[in-house]
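So the structure is just underneath, and the comments pick up after that.
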Amino acid sequence: MKSSPHRPSIELLFKRGLGSAEIARRLQISSSTVRNVVAAIKKRGDASEVKKSGRPRSVNTRNTRAIIKKRIIRNDGLSLNRMASQLGIARSTVQSIVKNDLKLKSYKLRRGQYLSDKSKAMRLEKCRKLLQHFQKNHSKKNVNNYRIRADRGETTAARHERSDWFSRRSNKKEKSNGKLIIVGPPKWSNALR
2 MKSSPHRPSI ELLFKRGLGS AEIARRLQIS SSTVRNVVAA IKKRGDASEV
52 KKSGRPRSVN TRNTRAIIKK RIIRNDGLSL NRMASQLGIA RSTVQSIVKN
102 DLKLKSYKLR RGQYLSDKSK AMRLEKCRKL LQHFQKNHSK KNVNNYRIRA
152 DRGETTAARH ERSDWFSRRS NKKEKSNGKL IIVGPPKWSN ALR
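Encoded structure:
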């Protein structure tokens, strides 16, 4: 718990003979805070803070937090591992400072798939074929009930039932050779509705 910044003022007013309620009213602070400080004055003779028991912070200090904050502002692409090794402290300490003290979220930037001009053209062609297929064969059915799936150059549009996503493959064993294969709803799918 943080100590009150009003300790010296409370001590001065108490030594002048004012009561706890009057000190709280004048300083506009909680009366319980005033009572706690007055109790400390009566017990120890002054309102100074007592040295806390336990191991003091050695790494997660104000100075370390300021250094980490400046490094993040300067270069937000710097990894926590690299920052920890440069500062000579544990990665977990850097992570807890970033998360708990600086209230920042660290994440690893993911790289997307590189699309060459050839792959863009192939995707466009497959999308056009799928669009033609659904406009021609399934104009009255909801297109959202189909799942498009691509495996090793083969693209299938498969019907899914209820909330489960699974593909229904045709009984024919076809080699796709990069061709577009569209699998419609199975014959018995209407029985599930």
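Positions in the sequence shown are counted from 1; adding 1 to them yields this note's numbering.
Every residue, glycine too, gets a C-beta built ideally from N, C-alpha and C.
Note that the structure is predicted; figures quoted are calculated from it, not measured.
Exercise for review: Can you have a look at Ser21 and say buried or exposed, based on whether 16 or more other CB atoms are within 10 angstroms of its CB?
Suggested key: buried
Point to revise | Collapsed DSSP secondary structure at Val38 in the structure displayed | key: helix
Review point. Who are the near neighbours of Ser54 in its chain, counting only those whose CB is closer than 6 Å to its CB and skipping five residues on each side?
Key: none
Exercise for review: Using the Cα positions of Val39 and Leu79, report the straight-line distance between them to the nearest angstrom.
Suggested key: 49 Å
Check your understanding: What are the start and end residues of each continuous beta strand (DSSP E) run of 3 or more residues lying completely inside the stretch 94 to 147, in chain order?
Key -> none
Review point. Does DSSP put Arg58 in a helix, in a strand, or in coil?
Key: coil
Check your understanding: Between Arg8 and chain B, is there a C-beta pair that is closer than 8 Å?
Key -> Annotation note: the requested chain B is absent from the structure, which comprises a single protein chain.
Check your understanding: With respect to 7 Å, is the separation between the Cβ of Asp47 and the closest non-hydrogen atom of the ligand SAM below this value?
Key -> Among the ligands in the structure shown, none appear at all, so the ligand SAM cannot be discussed.
Exercise for review: Can you give me the start and stop residues for the alpha helix (DSSP H) that Ile24 sits inside?
Suggested key: Ser21 to Leu28
Review point. Where does Asn64 sit, in a helix, a strand or coil, going by DSSP?
Key: helix
Check your understanding: CB-CB under 8 Å to Asp1, same chain, minus the five flanking residues each way: which ones, in chain order?
Key -> The question about residue 1 has no answer here: the residues shown for the chain are numbered 2 through 194.
Point to revise | Residue of Val51, Val99 and Ser49 minimising C-alpha distance to Arg72 | key: Val99
**Study point:** Backbone secondary structure at Lys16 - three-state DSSP
**Key:** helix
Point to revise | Which of helix, strand or coil DSSP assigns to Ser10 | key: helix
Practice item. For Leu88, name the three-state secondary structure that DSSP assigns. Key: helix
Exercise for review: Pull up the distance between the alpha-carbon of Ile30 and that of Leu103, whole angstroms please.
Suggested key: 28 Å
Review point. When the Cβ atoms of the stretch 59 to 74 are set against those of the stretch 84 to 99, are three or more pairs found closer than 8 Å?
Key: yes
Check your understanding: CA-CA distance, Ser4 and Gly113?
Key -> 50 Å
Exercise for review: Measure how close the beta-carbons of Ala25 and Val35 come, nearest whole angstrom, since I'm counting them as under 8 Å.
Suggested key: 5 Å
Point to revise | Check whether Arg27 and Leu14 have beta carbons under 8 Å apart | key: yes
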